[in-house]
Each structure stands twice: as structure tokens, then as C-alpha cells.
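**Student:** For any residue, its number in my numbering is found by taking its place in the sequence shown, counting from 1, and adding 63.
The beta carbon of each residue, even a glycine, is placed where N, CA and C say it ideally should be.
Since the model is a prediction, treat every value here as computed from it, not as a measurement.
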Amino acid sequence: MIGPSALFFHQGNYHNLTRKLVQSSLSPDTIRKLIPSIESVAISALESWSGGHIISTLHEMKKFSFDAGILSIFGQLNSNFRQMLSDSYRVVDKGYNSFPTKIPGTAYHKALLARKRLNQILSEIICEKKESKLPEKDFLANLLSFKNEKGEILTEDQITDNIIGVLFAAQDTTASVLTWILKYLHDDQKLLEAVKAEQMAIYEANGRGEKPLTWAQTRNMPLTYRVILESLRMASIISFTFREAIVDVEYQGCLIPKGWKVLPLFRNIHHNPEFFPDPHIFDPSRFEVCYMKIKEIFTKTS
Numbered sequence: 064m065i066g067p068s069a070l071f072f073h074q075g076n077y078h079n080l081t082r083k084l085v086q087s088s089l090s091p092d093t094i095r096k097l098i099p100s101i102e103s104v105a106i107s108a109l110e111s112w113s114g115g116h117i118i119s120t121l122h123e124m125k126k127f128s129f130d131a132g133i134l135s136i137f138g139q140l141n142s143n144f145r146q147m148l149s150d151s152y153r154v155v156d157k158g159y160n161s162f163p164t165k166i167p168g169t170a171y172h173k174a175l176l177a178r179k180r181l182n183q184i185l186s187e188i189i190c191e192k193k194e195s196k197l198p199e200k201d202f203l204a205n206l207l208s209f210k211n212e213k214g215e216i217l218t219e220d221q222i223t224d225n226i227i228g229v230l231f232a233a234q235d236t237t238a239s240v241l242t243w244i245l246k247y248l249h250d251d252q253k254l255l256e257a258v259k260a261e262q263m264a265i266y267e268a269n270g271r272g273e274k275p276l277t278w279a280q281t282r283n284m285p286l287t288y289r290v291i292l293e294s295l296r297m298a299s300i301i302s303f304t305f306r307e308a309i310v311d312v313e314y315q316g317c318l319i320p321k322g323w324k325v326l327p328l329f330r331n332i333h334h335n336p337e338f339f340p341d342p343h344i345f346d347p348s349r350f351e352v353c354y355m356k357i358k359e360i361f362t363k364t365s
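Structure follows, in C-alpha cells:
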């Protein structure tokens, strides 16, 4: 459904090169330029919730994550393309984990058709991108400009599969984390007020929205940052991952033979009292104490 050329399904040289392309597209320099645009997406989302109606938090966070992901992948994208991508992607998302039958009308069959539409839409976007020849540094531009040591470029299928793969991976995990952050803040009103005060101070410094948020300001939200770290630790959105030993590996006296499957359980580390005292308590202040040591443990296992 995602596509056989997506980096998640490969190892070796192809995996390494596509991973580097993803990382370069999410470098601090690239994100720094996107901060005002991401802020605009956030403001638009907040305004859409202001009517007092009931919303699904996870659904709204998925919409926000999708729009932010589009910025990272394509830069400023035509609104028609953005809507078409959103409509087709939503169908793929619904059918991704459904029973795999090609019977017309089923969620899976609809998802397969939507996946084909995504290919067509992305093909049009790629053509426009090639014709524009603008010096952009988004993910699509990096994929299009890539050449290996033999001068070979990526095929259109490789490009579309990796775009859909990155969007798929980023949207669900980001939306889940944002949903848990809201839940944890809702459960601790004192902490919520402190986070709001930190954000309001920046809002006031920017003339109550007259000036856009800056990269430096996003780096100066200590309480908000600790809340994010603690939410990531508590929720452990990626509980485990699948790996295969490509050579014999010895770990703590145990031999993992080549070809064996390994499942690192991140949740077991994030909830280990040896690293995080009272691990089942939501406590952002734990990232103030021995900050560098805890951050190192947390970052290595995330």
C-alpha cells in the first residue's frame, strides 16, 4: 500500500541514501525556514475549532500533521494539489489496516484505488516541480536532484513511494503524540496554565501575533519542551520496532544469530525505574534533574 520502494522496506545502500535524503530535508536549516508557515497552519487549525463544536482530537491532529508534512515535503504547494492529496490519502489511511480483499466497495479496495490516484497526483506535482527549476530544499526537490556516484537518478516510482512513506510515518506518530500531550495537560491544570503562560509571553513579545514565530523562540520554550519529552516517554508511541540481524551479534553475553528477528521494546526502557523514577507518573520536571543524562538515555532509545 505504501509502495515497495519506500525506505522502510530496504536495507543497505538504498536505505542509507534515502534516509540521508529524508534527514537533509528535516535539517535545522530547512525547518527554520518553515516555522512561519507551520505557525500559519497551527493558527488556521485553532481558528477552525473556535466555534464551540465537538471535535475528534486525533482526527484534527492528523489534519494538522498532514498539512505540516506537506510543507516539509513539497514546500508551498498549490491548494488544489494539497486538497487532492488529502482526499486520496485519507482513503488510503482508512484502508491500510483493513482486511486485504479486492472486492469492490471494501475499505481495502478503495484504498488501492486511492493509492493509484496518489501516484497520478504526485506525477503531476513532480512535472511542475521539474519545470519550475526553483532552488528549493524540500524533500521532493532533494529526491529530484539526487544522483549517485554512477550518475543515476531516482525513478518516479521510487520518488512517489518515499514521499507517501514519509508522509504516512510522520502523520500518525506526530498526531498521536500531539493527542497525548493535550491529554496529559488536560489532566494537570496547574501545568497547563504554566505552559499557556510560557506561550503567551512569546505571543505578547510578537505583538500579539503581529510578528511571526521565530526559530529562536521555538528553542526557548523550556517548560513546553519538557512536556513534549515527558509525553514522548510516557506514551511511547513507537512501542517497538522490527529488526533483523544481518550478521551474528553478541549483546550482553547473548548471541543473536544472523537472520534472527529482533524486537527492541522502547516502552520497557522508557518505563524502567532505573532510568526514570516513578515511571508511571507524568512529571516533566524529571527532565530538569540530571537533564543531559536523562536526555541522552531517552534520545538513544526513541
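1) Could you work out which residue in 244, 85, 274 is closest to residue 206 when comparing CA atoms only?
2) CA-CA distance, residue 300 and residue 292?
3) Measuring CA to CA, which of 245, 248, 287, 247 is closest to residue 264?
4) List the DSSP bridge partners of residue 328.
5) Helix, strand or coil, according to DSSP, for residue 206 in the structure here?
6) Between 73, 118, 346, which has its C-alpha nearest residue 254's C-alpha?
7) Is it buried or exposed for residue 331, if we count other Cβ within 10 angstroms and need 16 for buried?
8) Drop a sphere of 10 angstroms on the beta-carbon of residue 352, count the other beta-carbons inside from all chains shown, and report buried for 16 or more, exposed for fewer.
9) Buried or exposed: where does residue 295 fall if 16 or more other Cβ atoms within 10 Å of its Cβ makes it buried?
10) Go to residue 288, then tell me how far its alpha helix (DSSP H) extends in each direction, as first and last residue.
11) On the three-pair Cβ rule with 8 Å, is the stretch 120-127 touching the stretch 236-243?
12) What alpha helix (DSSP H) runs, 4 residues minimum, are completely inside the stretch 107-177?
13) Rank 112, 151, 110 by C-alpha distance to the C-alpha of residue 371 and give the top, closest one.
14) Hey, out of 275, 325, 148, whose CA is closest to residue 105's CA?
15) Could you spell out where the alpha helix (DSSP H) holding residue 240 opens and where it closes?
16) When the distance is taken between beta carbons, is residue 210 closer than 8 Å to residue 203?
17) What is the DSSP secondary structure of residue 309, counted as helix, strand or coil?
18) Can you give the beta carbon distance from residue 284 to residue 261, rounded, assuming they're within the 8 Å contact cut?
19) Helix, strand or coil: which one does DSSP assign to residue 65?
20) Ordered along the chain, which non-local residues of its own chain (more than five positions away) have a Cβ less than 6 Å from that of residue 367?
21) By the three-class DSSP mapping on this structure, what secondary structure does residue 318 have?
22) Go ahead and pull the three-state DSSP assignment for residue 341.
23) By Cβ distance, which residues of its chain are closer than 7 Å to residue 180, with the 5 residues on each side in sequence left out?
24) Out of 338, 348, 226, state which residue places its alpha-carbon closest to the alpha-carbon of residue 257.
25) On the three-state DSSP scale, how would you describe residue 211?
26) For the alpha helix (DSSP H) holding residue 84, just list the boundary residues, first then last.
27) Should residue 214 go down as buried or exposed, given a rule of 16 or more other Cβ atoms within 10 Å for buried?
28) Do residue 139 and residue 309 have their C-beta atoms closer together than 8 Å?
29) Pull up the CB-CB distance for residue 71 and residue 228, whole angstroms please, since I reckon it's below 8 Å.
30) What three-state label does DSSP hand residue 254 in the structure shown?
**Tutor:** Based on what the coordinates show:
1) Checked all of 244, 85, 274; the closest Cα to residue 206 is 85.
2) Using only the alpha carbons, I get a separation of about 12 Å.
3) It is 287.
4) In the DSSP assignment, residue 328 is bridged to 303.
5) Under the three-state reduction of DSSP output, residue 206 falls in the helix class.
6) Of 73, 118, 346, the smallest CA-CA separation from residue 254 is found for 346.
7) Exposed: under 16 other Cβ atoms inside 10 Å.
8) By the 10 Å Cβ count, residue 352 comes out exposed.
9) Buried.
10) Segment 285-298, the alpha helix (DSSP H) holding residue 288.
11) With the rule of 3 Cβ pairs closer than 8 Å, the stretch 120-127 counts as touching the stretch 236-243.
12) Taking only runs of at least 4 residues, the alpha helix (DSSP H) segments lying wholly in the stretch 107-177 are 120-137, 142-158.
13) This structure leaves residue 371 out entirely; the chain is present only between 64 and 365.
14) Here the closest residue by C-alpha is 275.
15) Where residue 240 is concerned, the enclosing alpha helix (DSSP H) stretches over 219-250.
16) No; because the gap between Cβ atoms is not below 8 Å, this pair is not in contact.
17) In this structure, residue 309 counts as coil in the three-state DSSP scheme.
18) Distance from residue 284 to residue 261 at the Cβ level is roughly 6 Å; contact confirmed, criterion being Cβ atoms closer than 8 Å.
19) Here residue 65 sits in coil by DSSP.
20) Look at the range of the chain in this structure, 64 to 365, and you will see that residue 367 is not part of it.
21) It is a strand residue.
22) Residue state, collapsed to three classes: coil.
23) Take residue 180, set aside five residues on each side of it, and the residues of its chain with a beta-carbon closer than 7 Å to its own are 151, in chain order.
24) Cα-wise, what sits closest to residue 257 is 348.
25) In the structure shown, the three-state DSSP call for residue 211 is coil.
26) Segment 76-88, the alpha helix (DSSP H) holding residue 84.
27) Classification of residue 214: exposed, given that the 10 Å Cβ count is below 16.
28) Remark: C-beta atoms of residue 139 and residue 309 do not approach each other more closely than 8 Å.
29) The pair is a contact, with the Cβ atoms about 6 Å apart (cut-off 8 Å).
30) Helix.
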